[in-house]
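So the sequence shown is residues 178 to 504, counted in the numbering used here. We treat Cβ as the ideally placed atom computed from N, Cα and C, and that holds for glycine. Computed from a predicted structure; not experimentally measured. Data block below; observations after.
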Amino acid sequence: MQFDSLLGKRIVLITGKGGVGRSSVTAAIAQAAARAGKRVLVTEMADGAGQSKHSEYDDEPHNAAIHEYSPLARLFGRERLPERKEELMPGISGSLLLPLYGHELFLTSVFRVAAIAKAALHSEALRRLFQAAPSLREIGIFYCLLTFLQAKHADGGFENELILVDMPATGHALALTGLPRTLINMVARGPIADALREGQAYLTDPAQSATYVVTLPEALPVSETLELLEGLKSSNMPIGGVILNHVPRDPFTAEERREVAGMLDAAHAKEKGVLGEQSFRYFDEAKRETERLEREIKVPLLRLPDAPPGCGSLVSFLADSLLGGSP
Ligand SMILES: Nc1ncnc2c1ncn2[C@@H]1O[C@H](COP(=O)(O)OP(=O)(O)OP(=O)(O)O)[C@@H](O)[C@H]1O
Ligand SMILES: [Mg+2]
């Protein structure tokens, strides 16, 4: 089953255009993976949705003005993800990816004592440096991720067996995944370079990491997905697959379709609009675009159905679908 391949990874980035269902899909993957017995960590960048009011450095200490609220966190009954890892529900923890936290973790690894790292972060000069250099933001996020990847559980396994990142807009996804290479070129030696290399080794290893692109079975999103897949190639990120969300269930058999299409044509001949025609045509578009994706992509395609009204929890519905295979 295609979902098994995802389950075997350590880190999965969920990307795609706005509103296609990245957060819902992330939550559904988390739930499905937890049901399959994984210790899952769900993350997102602090200002992922562009809702941050001001810099996380503005206030003391760590009380970053993060999201007003996070749609991802809402799916776990919270207003926002915690700044430090916390359990959201059995088997699923959550944490924001905060640059500042990454910087603190990084300095702790350099100084070996958390108190000194914290004190160092309170140095005005260092804070200004971290704040000013744009790539340091990404290094912070990157270091957060690396720390989560490396953390060991008391049972000898990994603390976070599967880490899910609900990525912000498509452009940022490319920025983060293309980042290590750019930075490694800039910082050749030292602990930052080592950390970046290690992080990059995780992110570029197809056995451990995968990017999944969420999309809809419609013409424009499919075209954009094909472009994004092209762009991702240059980032060296292994592509796990495309998740086609909102796949509509066609209530008609092929024969019924032909009949309805004939009736619609007859109505058009009389210049009459017909209620429901758009939905009827939408199935055609969805089918056509699904076939186009299947033809064009060289990675697995996972389909998630459009949730029918009254199906209860969307996340559970999608998790069931992931575990049960394609509808
Ligand atoms: N398979 C589905 N069936 C029905 N509704 C869905 C499905 N997937 C997502 N939705 C709904 O679509 C809306 C957008 O979903 P979601 O917030 O997960 O998208 P997103 O890509 O994370 O958006 P954003 O770009 O704002 O972060 C939500 O109202 C969600 O409940
Ligand atoms: Mg979202």
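Item	Value
Taking only three categories from DSSP, how would you classify residue 291?	helix
Three-state secondary structure (DSSP) at residue 228?	Any reading at residue 228 must be qualified, since the residue scores a pLDDT of 35, below 50, and its modelled position is unreliable; the value itself is stated next. In the structure shown, residue 228 sits in coil (DSSP, three-state: anything other than H, G, I, E or B).
Taking a contact to mean a Cβ-Cβ separation below 7 Å, would you say residue 454 touches residue 441 in this structure?	yes
Can you confirm whether residue 487, when its beta carbon is compared against all beta carbons of chain B, has any partner nearer than 7 Å?	Checking the listed chains, one finds no chain B in this structure; it contains a single protein chain.
I need the DSSP call for residue 464, collapsed to helix, strand or coil.	helix
Quick check: is any heavy atom of ligand 2 less than 6 Å from the C-beta of residue 200?	yes
If you count every other CB in all the chains shown that lies within 10 Å of the CB of residue 236, and 16 or more means buried, which is it?	Confidence is the limiting factor: at residue 236 the pLDDT is only 41, short of 50, which leaves the residue's position unreliable, though a coordinate-based value still follows. Residue 236 is exposed by the Cβ-count criterion.
Between residue 417 and residue 388, how many whole angstroms is the CB-CB distance? I'm expecting something under 8 Å.	6 Å
Is there at least one non-hydrogen atom of ligand 1 closer than 6 Å to the beta-carbon of residue 258?	no
Comparing C-alpha positions only, which one of 300, 314, 374 sits nearest to residue 280?	314
Rounding to the nearest angstrom, what Cα-Cα distance links residue 196 and residue 469 in this structure?	21 Å
Could you tell me the distance, in whole angstroms, from the CA atom of residue 287 to the CA atom of residue 317?	14 Å
Using 10 angstroms around the beta-carbon of residue 246, count the other beta-carbons present and answer buried if the total reaches 16, otherwise exposed.	exposed
In angstroms, rounded to a whole number, what distance separates the CA positions of residue 284 and residue 326?	17 Å
Please list the terminal residues of the continuous alpha helix (DSSP H) segment that includes residue 438.	431–446
Taking only three categories from DSSP, how would you classify residue 253?	coil
Bridge partners for residue 459 per DSSP, in chain order?	Answer by DSSP bridge pairing: none, since residue 459 is not bridged.
Look at the Cβ atom of residue 463, then the Cβ atom of residue 425, and state whether they are nearer than 7 Å.	yes
Using C-beta distances below 7 Å, list every residue in its chain close to residue 329, excluding the 5 sequence neighbours before and after it, in chain order.	335, 336
Between residue 459 and residue 193, what straight-line distance do the alpha-carbon atoms span, to the nearest angstrom?	21 Å
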